[in-house]
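A.B. asks: Quick note, the working numbering runs 81 ahead of the 1-based positions in the sequence shown.
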Amino acid sequence: MSTAPAVRPAPGPPATAADEFPAYVRAPTGDLLAVVTEATGEPLGLAAVLLRGAGWRPSSGPRRTQVTLARRLAGHGLDAVRFSYHGLAESGGAGEEVVRLDRPYTADAGAVVDWVADQGCRAVLIGNCFGARTALAYAAGPAAGDRVAGLALVVPPVFDYEVARRLDRRPLGHFARRARPGRLWAVLRDPARRRALRRTLRAFASVAGGKLRPGRGPAPASTGGAAPEWLSPRFVAHLRAVVDRRIPVLFVYGRDDPYGADFERARATALGPLLAEAGGLVEVTVVPGRVHGLTSVETQEAMIAAVEAWAASTFGRRA
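Structural data, given as structure tokens:
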């Protein structure tokens, strides 16, 4: 990694495996295995730090989207670092069975950002779902300082409890069908499925106790109305802090993403004035299909192209 010139030349070719090397990053949670992609275009003094969702995939991301994105950003002069969270794949530390959106992995993110700073680069955090909330929470915190140059947030939920959010969308008949005796016996015989069942039962108990997000109501007609009770105060506060620090932000949702519908409802109330105040500092890009889960080639390419275009236009002229 190296520092950048003042003016950005034409993009270089995408990186390949020959431009990558592994590194272990020391974190309070354990040593994190990272893969570093070196810039193939003229270096900008920036490093994309890729934070994946909570689907327990290694650093390649779902369907190797993080690999593709890192290598394409390299052509625009950004180094890139993708890594496995603590307790996953070859990273050290103890894994966690339940991931909560109000408990993002900021220690992991901070360790990688510190490592990037030691190489002479500022970080551009690019997170997907849980990783997006982790990126936003870290960038809003005091530890980030001036080390974060930008944020690309792909399908970030605007509520705080992902497990309960999924449960309140599913009809009771869905769970009744899954409670057949034969299926329950298969679950009880499998240790991994027993653990998953315990997680689901804990989420149900929280929903029953009123501790988690209730069902959403109708969208308000205009800005200035009351914020939905499920809108995360943390999300709003973190975005406020990032805007106050003048950090460029990109939001990416798919037209068919329920999380995108939640964002639009929040945008009609509490987020509306904040986004208006941010002006061109915050961009919202909506692509065809459903980005959450990246289940189709079309949505994968659309997401990557959106982040690539934003990075090129935001950082392409000056470091």
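Using N, Cα and C, we set each Cβ at its ideal position, and we do this for glycine too.
According to DSSP, simplified to helix, strand and coil, what is Gly208?
C.D. replies: Correct three-state label for Gly208: strand.
A.B. asks: Starting from Ala161, trace the beta strand (DSSP E) in both directions and tell me its first and last residue.
C.D. replies: Per DSSP, Ala161 belongs to the beta strand (DSSP E) from 159 to 164.
A.B. asks: Need the endpoints of the alpha helix (DSSP H) that Phe316 sits in, please.
C.D. replies: Per DSSP, Phe316 belongs to the alpha helix (DSSP H) from 314 to 325.
A.B. asks: Please report the straight-line C-alpha distance between Glu382 and Val372, rounded to a whole angstrom.
C.D. replies: Approximately 10 Å between the Cα atoms of the pair.
A.B. asks: Rounded to the nearest angstrom, how far is the Cβ of Val205 from that of Ala224, given a contact under 8 Å?
C.D. replies: The pair is not a contact, with the Cβ atoms about 17 Å apart (cut-off 8 Å).
A.B. asks: Have a look at the DSSP bridge pairing and note the partners of Val235.
C.D. replies: Answer is Asn209, Val333.
A.B. asks: Taking Ala128 as the reference, which of Arg228, Phe240, Arg348, Ile328 has the closest Cα?
C.D. replies: If we check each option's Cα against that of Ala128, Arg228 comes out closest.
A.B. asks: Using 9 Å as the threshold, is the C-beta distance between Phe211 and Arg133 below it?
C.D. replies: Yes.
A.B. asks: Which of the three DSSP states, helix, strand or coil, is assigned to Thr442?
C.D. replies: Outside the displayed range of the chain (82 to 400) lies residue 442, so it cannot be described from this structure.
A.B. asks: Using CA coordinates, which residue listed in Trp391, Phe344, Leu269, Pro109 is at the minimum distance from Phe240?
C.D. replies: Comparing Cα positions, the closest option is Phe344.
A.B. asks: Would you give the residue range spanned by the beta strand (DSSP E) that Leu131 belongs to?
C.D. replies: Start and end: 127 to 132.
A.B. asks: For Phe102, which residues does DSSP report across the bridge?
C.D. replies: Answer is Val117, bridged to Phe102.
A.B. asks: Tell me whether the region 183 to 192 and the region 153 to 170 touch, counting them as touching only if at least three CB pairs, one residue from each stretch, are closer than 8 Å.
C.D. replies: Touching, per the Cβ criterion.
A.B. asks: Tell me whether the region 325 to 332 and the region 356 to 366 touch, counting them as touching only if at least three CB pairs, one residue from each stretch, are closer than 8 Å.
C.D. replies: Yes: the two stretches touch, three or more of their Cβ pairs being nearer than 8 Å.
A.B. asks: From the beta carbon of Thr118, is the nearest beta carbon of chain C less than 9 Å away?
C.D. replies: Absent from the structure is chain C; it holds one protein chain and no more.
A.B. asks: Going by Cα to Cα distance, which pick from Pro354, Ile207, Ala393, Pro339 is closest to Val148?
C.D. replies: Residue Ile207 is the option with its Cα nearest to Val148.
A.B. asks: In this structure, does DSSP put Ala135 in helix, strand or coil?
C.D. replies: In this structure, Ala135 counts as coil in the three-state DSSP scheme.
A.B. asks: Label Glu171 either buried or exposed according to how many other C-beta atoms from any shown protein chain fall within 10 Å of its C-beta, with 16 as the threshold for buried.
C.D. replies: Classification of Glu171: exposed, given that the 10 Å Cβ count is below 16.
A.B. asks: For Thr366, does the three-state DSSP call read helix, strand or coil?
C.D. replies: Here Thr366 sits in strand by DSSP.
A.B. asks: For Leu269, count the other beta carbons within 10 Å of its own beta carbon; 16 or more makes it buried, fewer makes it exposed. Which is it?
C.D. replies: Exposed.
A.B. asks: Evaluate contact between the region 146 to 163 and the region 115 to 131, counting only Cβ atoms and requiring at least three cross-stretch pairs below 8 Å.
C.D. replies: At 8 Å Cβ cutoff, the stretches touch.
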